[in-house]
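Sequential numbering from 653 applies to the sequence shown in the working numbering. By construction, the Cβ of each residue, glycine as well, lies at the ideal position given by its N, Cα and C atoms. Since we're looking at a predicted model, the values are computed, not measured. A short worksheet on the structure shown next.
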Amino acid sequence: MLYVLFSLLNGEISQDEYLKANNTVILKKELPRRIYGFIFFYKDYYYIVINKFISYYKQKKTILHELAHMELRHLDKKTLLEFKIEGLEDEADEYVKHLLENLN
Ligand SMILES: [Zn+2]
């Protein structure tokens, strides 16, 4: 089985399985209100930091957003840190939208 975001979205694998297979750790921290979360790569692990003050729904969406950056390999270039900030859309949002549209 492929551990890709599409498999997670259509329920073939759980979030925990996905995270484990991709060496990814999720941390919930106090962040400024408009920063939903960010991702960085450090010593073979991806760390996704989520703002613990945003709603559960926004947390889920932000995790998906950061996983999309991971899957699109945006962090393999020299981008060491990628933020999800309120109101800003980027390629990761487009990717998640595209996956959701193709679920069924
Ligand atoms: Zn982004």
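Quiz item: Does the region 705 to 712 come close enough to the region 748 to 755 to have 3 or more Cβ pairs within less than 8 Å?
Solution: A contact between stretches requires three or more CB pairs, one per stretch, nearer than 8 Å, and the region 705 to 712 fails this requirement with the region 748 to 755.
Self-check item: Whole-angstrom C-beta distance between L679 and Y625, which should lie under 8 Å
Solution: Here the chain covers residues 653 to 756 and nothing more, so residue 625 does not appear.
Practice problem: Could you check the C-alpha separation between L657 and H717 for me, to the nearest Å? | Solution: Straight across, the Cα-Cα distance linking L657 with H717 is about 10 Å.
Quiz prompt | Backbone CA spacing between A720 and L733 [nearest angstrom] | solution = When the Cα atoms are used, A720 and L733 turn out to be separated by approximately 14 Å.
Quiz item: Are the beta-carbon atoms of V701 and F690 separated by less than 7 Å?
Solution: Contact annotation: V701 and F690 have beta-carbon atoms nearer than 7 Å.
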